[in-house]
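Quick note on the numbering used here: the sequence shown kicks off at 25 and runs consecutively. One structure is given here, and the rest of the page talks about it.
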Amino acid sequence: MLNGFKDFILRGNVVSMAIGLAVGAAFTAVVTGFSNAFIVPLIGVITRGTGDFNKASFDVEGVTFPYGLFIAAAIAFVITAAVLYFCVVVPMQKVQDRFTAKKADEPADIKAALRDCPRCYTAIPAIASRCGHCTSEVEPDPAAVALAEQVTGKPVGAQKLPAQR
Numbered sequence: 025m026l027n028g029f030k031d032f033i034l035r036g037n038v039v040s041m042a043i044g045l046a047v048g049a050a051f052t053a054v055v056t057g058f059s060n061a062f063i064v065p066l067i068g069v070i071t072r073g074t075g076d077f078n079k080a081s082f083d084v085e086g087v088t089f090p091y092g093l094f095i096a097a098a099i100a101f102v103i104t105a106a107v108l109y110f111c112v113v114v115p116m117q118k119v120q121d122r123f124t125a126k127k128a129d130e131p132a133d134i135k136a137a138l139r140d141c142p143r144c145y146t147a148i149p150a151i152a153s154r155c156g157h158c159t160s161e162v163e164p165d166p167a168a169v170a171l172a173e174q175v176t177g178k179p180v181g182a183q184k185l186p187a188q189r
């Protein structure tokens, strides 16, 4: 019974999650300290008050509503979200963009676009001039022809069979 618990605890994902929670709690403490040390006084300067919302409240029929606690928590949340976005998300997106292939750099696949054959309703490439299933002649899609000409650099047209020449 204890061996199973030990195996569960020592798995990599559980240990990583525990470390992430500990770092997250420490980060929250740092952001809260920053908020109390710098943001709250700045709000106080702007509003010409103390800026400390923790004690702000109102009473309704003898019941106290401490709305200041919510405002302080909302400020801490916005600061935490902004720091995480600008210090973690944006740099990670830039790193991922460097290592992932750009769509414009990849050659276009002229056979990827599909359409239905008007005779047998089987999916065929949009550039096809003949259905591969029922062998009916079909008109190639003009957009696919233009893309093929752009990719290959030479004119692409419906090829005529020897009997049609």
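Even glycine gets a Cβ: it sits at the ideal position worked out from N, Cα and C.
Q.
Just to confirm before moving on: does the CB-CB distance between V119 and V55 stay below 8 Å?
A. no
Q: For A137, collect the residues of the same chain with a Cβ closer than 6 Å to its Cβ; drop the 5 residues on either side in sequence, then sort them by chain order.
A: A150, A168
Q: Taking 8 Å as the cut-off, decide whether the C-beta atoms of Y91 and A80 are in contact.
A: Their beta carbons are under 8 Å apart, which means Y91 touches A80 by this criterion.
Q. Which residues in the same chain as C158 place their Cβ atom closer than 6 Å to its Cβ, once the five residues preceding and following it in sequence are excluded?
A. R143, C144
Q) Terminal residues of the continuous alpha helix (DSSP H) containing A98? A) 91 to 108
Q.
Would V162 and A172 be called neighbours here (beta carbons separated by less than 8 Å)?
A. no
Q.
Give me the DSSP bridge partner(s) of A147.
A. D140
Q: Determine the DSSP secondary structure at D121, reduced to helix, strand or coil.
A: helix
Q | Cut-off 8 Å between Cβ atoms - residues of its own chain near T104, not counting five sequence neighbours on either side | A | F51, T52, V55
Q: Find out if the Cβ-Cβ distance for the pair S193, C141 is shorter than 8 Å.
A: Here the chain has residues from 25 to 189 only, and residue 193 is not among them.
Q) Going by beta carbon distance, what residues of the same chain come within less than 8 Å of F89, once the five residues before and after it are set aside? A) By the criterion of a C-beta distance shorter than 8 Å, F89 is surrounded in its chain by S81, F82, D83, once the five residues flanking it on both sides are discounted.
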